[in-house]
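Novice:
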Amino acid sequence: MIKLEKAATKIMAAIGTAVMLFLLFYSWKYTKRLVEPEYYLDEKDSILWNALVGVVLVAVCGALSGVMKKIPAWALHLLAVLGAVTAVILGIRLARAAGAESIADQYYVQRAAMALADGDAEWVLEQDYYGIYPFQLGLAEIFALIFRVAGSTERLVIQQVQAVCGGITLYVGFRIVRELSGSRAAELLYLVAELLFLPVYCYALFIYGESIGTCSVLCAIWCYLMANRPEGKVWQKGLLWGAVALFMGLAYATRNVLLVVWIAMVIMQILVLLRSKKWQGLPALCVVLAVMLLGKTTLCHMAEGQLDREYGSGAPYVLWVAMGMQENPDALKGPGTYNDYNLDTYLQAGYDSIEAAEVAKGDIRQCLAKWQEDPVAAVTFLKEKLLIQWIEPTYCSFNQTRYQYRPQGWVEDFYTGQANERALAFLNRFQGMVYLVVFGYYLRILLGKLKGVQVLPGIIFLGGFFIAILWEAKSRYVFPYIVMILPSAACSMEYYGRLLAGGIGRIAGGIVSSRERKQKQKEIGRTA
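Taking my numbering, the leading residue of the sequence shown gets 73, the next gets one more, and so forth.
1. Under the assumption that S425 contacts V509 (Cβ atoms under 8 Å), give the Cβ distance between them as a whole number of angstroms.
2. Quick one: grab the DSSP three-state call for A450.
3. Let me know if D435 comes out buried or exposed under the rule of 16 or more other beta-carbons within 10 Å of its beta-carbon.
4. Run the CB neighbour count on V448, radius 10 Å, all protein chains shown included, and call it buried at 16 or more, exposed below.
5. Grab the span of the alpha helix (DSSP H) containing L150 for me, first residue to last.
6. Alpha carbons only, please: which of V272, L346 and V132 is nearest the one belonging to V160?
7. Suppose contacts are defined by Cβ-Cβ distances below 8 Å. Is A292 in contact with V316 by that definition?
8. Do V393 and A429 have their C-beta atoms closer together than 8 Å?
9. Please list, in chain order, all residues of the same chain as N414 whose beta carbon is under 7 Å from its beta carbon, the five residues on each side excluded.
10. Of the choices L515, E115, L354 and L148, whose alpha-carbon is the least far from that of I83?
11. In or out: T225 buried (at least 16 other Cβ within 10 Å) or exposed?
12. Cβ of F94 within 8 Å of Cβ of A152?
13. Excluding five sequence neighbours on each side, which residues of the same chain lie with their C-beta closer than 7 Å to the C-beta of E456?
14. Hey, F486 and N492 are a contact pair by Cβ (cut 8 Å); roughly how many whole angstroms apart?
15. By the 10 Å Cβ neighbour count, where 16 or more other Cβ atoms means buried, how is C237 classified, buried or exposed?
16. Enumerate in chain order the residues of its own chain whose CB-to-CB distance from C287 is below 6 Å, with the five nearest sequence positions on each side excluded.
17. Assess contact between the stretch 278 to 286 and the stretch 313 to 327, defined as three or more Cβ pairs (one per stretch) separated by less than 8 Å. Is contact present?
18. Return the CA-CA distance between R227 and Y275, expressed in angstroms with no decimal places.
19. Find the nearest neighbour of L124 within the set P559, P302 and M505, judged by alpha-carbon distance.
20. Per DSSP, what kind of secondary structure is E464 in: helix, strand or coil?
21. Buried or exposed, going by whether 16 or more other CB atoms sit within 10 Å of the CB of E464?
22. Rounding to the nearest angstrom, what Cα-Cα distance links Y513 and I87 in this structure?
23. If we count Cβ pairs, one from each stretch, closer than 8 Å, do we get three or more for the stretch 477 to 484 versus the stretch 102 to 121?
24. Could you check how far apart the C-beta atoms of W294 and A356 are, in whole angstroms? I think they sit under 8 Å.
25. Can the beta-carbon of E484 be found less than 8 Å from the beta-carbon of S255?
26. According to DSSP, what are the bridge partners of Q476?
27. Going by DSSP, which residues form a beta bridge with D114?
28. For the stretch 193 to 210 against the stretch 256 to 270, do three or more pairs of beta-carbon atoms, one drawn from each stretch, fall closer than 8 Å, so that the two count as touching?
29. Out of curiosity, what's the CA-to-CA distance linking G370 and Y549?
30. Got a sec, what are the start and stop residues for the alpha helix (DSSP H) P529 sits in?
31. Within the chosen definition, does the stretch 343 to 360 reach the stretch 523 to 533 through at least 3 CB pairs nearer than 8 Å?
32. With burial defined as no fewer than 16 other Cβ atoms inside 10 Å of the residue's Cβ, what is the status of K104: buried or exposed?
33. Here's the rule I'm using: 16 or more other beta-carbon atoms within 10 Å means buried, otherwise exposed. How should W146 be labelled?
34. When you compare only the Cα positions, how much space is there between L454 and A573?
35. My assumption, with CB atoms under 8 Å, is that N471 sits in contact with L106. Please give the rounded CB distance.
36. Can you tell me where the alpha helix (DSSP H) with T369 in it begins and where it stops?
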């Protein structure tokens, strides 16, 4: 059984290494620049320069690791709390200064939440939107609950809650690093990286499920890791699994696609079973799934109860898969991007979910047949689609929050001026650095240096990658997986930094020793 577990882990690691080599190469070669209205433009980059920057940063981290590991655990914990508070303050400051407006899906979710909080169903009932996307009522119900608790339906209320989620995300990620490695240097590196990851602050303005969903799923991962500790009483593990269920339920209610994390947990638990014959996690994960499905259904029914209207299943998800396999008529938007296919197909089917699904399946079969005849075209399509999603370094955060009402000068500069150019340049380097150390993370798994729950983030990241192949192409959908892999990236950077620093130290020591030997030989020669 252990051999099977090792083989499965190595296969996963080999796939992850290949995926990261692909992303690393193209993120160093050029960058996808996202401009209005969601056009992706290619900008050349330098592989040599990115590699040099990466090696230097890893070496610097290695050189400082000796100092960082001397920081007491309590001091690091205090830094994590202060970092979380700082992230919250920055997020709230940006939200107050930007005056971001809700557009498209954000607008409908926010308005539905306001209507549900105020008990005014008339506006919601007048919109066709919820007949097409009834699953959005679950998210609207969550926002309505926040409005009721706050006693206000101002957009800023949600944005400030999401800023708090950014702070919680930072702190929980710190605790995940502690679970995965226990390295103080890695913990400090993570805190710095998460504080510098600008999309976290931008998404606090986005009235949708990104901030709350990402925060919730990170909390679920932390609880999952603690539940899989070898020590611990039964009742403690029961509480932890209960927390996993609650956090995954909230995450799934805000973003359906976060079901990927539950699937990764199941795969991880099977690997745990193969290694240690501990089976208790699998029934617990069945309960987690039940809570996720029941929770989302309950929220939607609560909203329908307030509206006194029962919606159907809406547009089937297979429409997004079919759309993700199509070229966009507007070439600058790139392959697999949004082209109104899902909406048009569902409307043409007369709001019939079954008929719309059959049309989508037929289009998928037609596309697969075309790709079978021309494999080169298929590879080109998928490559470009993946690059749109994975090497756009802002992950849509600026683009999706760019509509603002009278923003303060520094915010306007941050979004459209020189500060924006500097932010994009920084995020481009940040992305390349993350992909480099995540590539190293998969190599460590492949070489057997990491095992057990340490491979969970790698399974989640691969799940996000393969979902991206199937789904509509948009870099926003990648954002949660970048946040989830940052703890492992920090651990990997600390590890390779130590290796590099040790290698440089040995080389330097060898040079010094060689010089000393030569000096002694000269002295002996003179004496003789």
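Backbone N, C-alpha and C define an ideal beta-carbon position, used for all residues, glycine too.
Specialist: On the basis of the supplied data:
1. Going by Cβ atoms, the distance from S425 to V509 rounds to 44 Å, so no, they are not a contact pair.
2. helix
3. buried
4. exposed
5. A145 to A170
6. V272
7. yes
8. no
9. A387, L391, W392 and M395
10. L515
11. buried
12. no
13. G406 and P407
14. 6 Å
15. buried
16. C237, I240 and T241
17. yes
18. 14 Å
19. M505
20. coil
21. buried
22. 12 Å
23. no
24. At roughly 16 Å, the Cβ-Cβ gap does not stay under 8 Å, so W294 and A356 are not in contact.
25. no
26. A172
27. K104
28. no
29. The question names Gly, but residue 370 in the sequence shown is Thr. So the alpha carbons of these two residues sit roughly 25 Å apart.
30. L528 to L542
31. yes
32. buried
33. exposed
34. 39 Å
35. 5 Å
36. G353 to L379
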